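S.K.: Note that the UniProt record's numbering numbers the sequence shown so that position 22 is 22, with each residue one more than the last.
Idealized CB from N, CA, C, for every residue including glycine.
In this text, all values refer to a predicted model and were calculated from it rather than measured experimentally.
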Amino acid sequence: MDFEITRDVRNEVLKRRELEFTLTFDGATPSRKSIQEKLAALQNKDENLLVLDLERTRFGKMELLGRARIYDDEETKKSTEREYLLKRGEPKAESEA
Numbered sequence: 001m002d003f004e005i006t007r008d009v010r011n012e013v014l015k016r017r018e019l020e021f022t023l024t025f026d027g028a029t030p031s032r033k034s035i036q037e038k039l040a041a042l043q044n045k046d047e048n049l050l051v052l053d054l055e056r057t058r059f060g061k062m063e064l065l066g067r068a069r070i071y072d073d074e075e076t077k078k079s080t081e082r083e084y085l086l087k088r089g090e091p092k093a094e095s096e097a
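#1: When you compare only the Cα positions, how much space is there between K15 and T76?
#2: Taking the CB atoms as reference points, tell me whether E47 and E37 lie closer together than 8 Å.
#3: I want to know whether the segment 64 to 71 touches the segment 15 to 26 - three or more CB-CB distances under 8 Å.
#4: So what does DSSP say about T6, is it helix, strand or coil?
#5: Rounded to whole angstroms, what is the Cα-Cα separation between E81 and K61?
#6: Got a sec, what are the start and stop residues for the alpha helix (DSSP H) T80 sits in?
#7: Does DSSP classify N11 as helix, strand or coil?
#8: Taking Cβ positions, are L54 and R32 nearer each other than 8 Å?
#9: Counting C-beta neighbours from all protein chains within 10 Å, is the total for D8 16 or more, i.e. buried, or is it exposed?
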């Protein structure tokens, strides 16, 4: 997995960094969790402060276009982000059988 950051802007009003990236990969499309972990590690940030918004794979290419936002703190993240995007980043609860 190779990341290329195509845009990196600081949004002082919302206390976050806004990134756009191109991800090249081999094999199957990586999971949201693995993308989130790798991007957080590359940016030296806590993965809980990172939110992935848009992911699009290009047909016929091993390439993914995405956007991410890295917040300064958890409180700002929860007050700003839409609820469904926060749920996408959480691990799924195992159902009891």
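M.R.: Taking the geometry as given:
#1: The count along the sequence shown starts at 1 and reaches residue 15 at position 15. The count along the sequence shown starts at 1 and reaches residue 76 at position 76. The alpha-carbon atoms of K15 and T76 are separated by roughly 7 Å.
#2: On the sequence shown, residue 47 is found 47 positions in, with the first residue counted as 1. On the sequence shown, residue 37 is found 37 positions in, with the first residue counted as 1. Going by C-beta atoms, E47 is nearer than 8 Å to E37.
#3: yes
#4: For the purposes of this step, residue 6 is identified with residue 6 of the sequence shown, where counting begins at 1. T6 falls in the strand class under three-state DSSP.
#5: Your numbering for residue 81 matches position 81 in the sequence shown. Your numbering for residue 61 matches position 61 in the sequence shown. About 30 Å.
#6: Position 80 of the sequence shown, counted from the start, is the residue given in the question as residue 80. Counting along the chain, the alpha helix (DSSP H) containing T80 begins and ends at E74 to T80.
#7: Numbered from 1 along the sequence shown, position 11 holds the residue referred to as residue 11. Reduced to three states, the DSSP call for N11 is strand.
#8: By 1-based counting over the sequence shown, the position of residue 54 is 54. By 1-based counting over the sequence shown, the position of residue 32 is 32. No, they are not a contact pair.
#9: As a position in the sequence shown, residue 8 is number 8, starting the count at 1. When all chains shown are included, D8 counts as exposed.
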